[in-house]
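So the sequence shown is numbered by my numbering: it starts at -11 and just counts up by one.
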Amino acid sequence: LDEVHAWIDRSHPLLKGAGTEKTMARGKMLKAMGAFEPILVNDTEIERFISSSKPGEGAQSKGFNDTVIEARHPWGFKGSAGLRDVIGGPANIPDLGFNNGFNQVILGGYLPLLKGLMINPENAELQRSELADPRADVKIAQTRQDLFLAAATQFWDWVASNKLVDVQRRALAVAEDRQKQVEGRAKAGAVAPLDVVEASQEVQRRREVAIAAQRLVEQEQFKLSMFLWESGAPTMPPLDRAPDFPAQVLSPTVESVKFHKLQAKQERPEIKEIDLEAKVNNIDLSLAKNNLLPSLDAEAAPARSPEKFVLGLGYRFGLELRIPILQRRSRGEVLEAQAQ
């Protein structure tokens, strides 16, 4: 039986298929982490205008080219840093400028103070993806556990069918020997010819039973081969490998039963699956509750309009408050998560 289980671990296609869950879990993790990867942005803004202070100079073209790296933290913070090159001559740069007004260091930041702080859809998806790998392990353990149980049951059915066909063959041999004895006594006149007919009928009946038992062995052998895969195909177990029945196992003690119950609570994949489902539900519940909060965001970023930039307005700062009036969908999400 240990050899059968080792064979399942080595080459059973269901376990190989369940192993793809690990690959899918890594893919989910990479996809979720992609929302927080740094991004390189190159942006060019140019505007053509006539200066009100110097109308005689005609139209001018002013602008800038930004090369910025933007990064985002799972807690909701966003930041950017880069370099701005002036297009169309020097500009009035109030801060962080160098190279005689032709370049500027630009920094930016975004901070959610209520909604989106610590928990947001992207962070929730990242947390769920972190649970994908242990969930894949649980699924593999469940598949392995089911295969082991089914293989053990089928293994002993195969052993029992081998023992049964051996018994039926011996019974057939006894009936055939008795038939020969009865035929000999009938020739000697010691018994009636009817006894020979009855003995022949008993041989035929036992032969039918032995054939049925042999077919049962072949059937159980074929079922057991479904657990013994080699080179992409099931392998028939040899009949001479069928072992004897094991000795009768004594009933377990009360202490061993308690120990195995505690061990099952810690190691059974069903328990681990419920624990993982609870963690996913807590993530969804936290996200749903966060969606009920008003949005209060603080932001500091360089001026994006060329005319403001040329006039010397280097940065803009803002604090935005949004209070949703109808939140039926978010409350429904909270109730659904609590129900789960």
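The beta-carbon is built from N, C-alpha and C at its ideal position, and this holds for glycine as well.
Remember, predicted model here, so these are calculated numbers, not experimental data.
query, result
"Asparagine 111 versus methionine 12: straight-line alpha-carbon distance, rounded", "19 Å"
"Collapsed DSSP secondary structure at asparagine 80 in the structure displayed", "coil"
"Phenylalanine 210 classed as buried or exposed, judged by whether at least 16 other C-beta atoms fall within 10 angstroms", "exposed"
"Beta-carbon spacing of alanine 23, valine 147 below 7 Å", "no"
"Serine 49 - containing beta strand (DSSP E), residue span", "47 to 60"
"Integer Cβ distance of glycine 96 from serine 68, believed to fall under 8 Å", "4 Å"
"Residues bridged to aspartate 73 [DSSP beta-bridge criterion]", "Asn53 and Asn91"
"Ranges of the alpha helix (DSSP H) found wholly within the region 154 to 221, counting only runs of at least 4", "181 to 213"
"N- and C-terminal bounds of the beta strand (DSSP E) containing leucine 273", "Premise fails: leucine 273 lies in the alpha helix (DSSP H), 257 to 279, not in any beta strand (DSSP E)."
"Sufficient close CB pairs (3 or more, under 8 Å) joining the region 277 to 294 to the region 161 to 178", "no"
"Aspartate 285 - containing beta strand (DSSP E), residue span", "283 to 290"
"Residues near leucine 119 by beta carbon distance below 7 Å, same chain, minus five either side", "Leu264, Lys267 and Val268"
"Isoleucine 128 (DSSP reduced to helix, strand or coil)", "helix"
"Cβ separation of phenylalanine 215 and valine -8, assumed to be a contact under 8 Å, to the nearest whole Å", "6 Å"
"Endpoints, the alpha helix (DSSP H) within which glycine 104 is located", "Here glycine 104 belongs to no alpha helix (DSSP H), and DSSP marks it neither H nor E."
"Nearest to aspartate 154 (by Cα), restricted to the options Gln142, Lys175, Arg195 and Ile311", "Arg195"
"The alpha helix (DSSP H) enclosing isoleucine -4, as first and last residue numbers", "-10 to -1"
"Coil, strand or helix - alanine 31 by DSSP", "Residue 31 is actually aspartate in this sequence, not alanine. The answer is strand: DSSP assigns aspartate 31 an E or B state."
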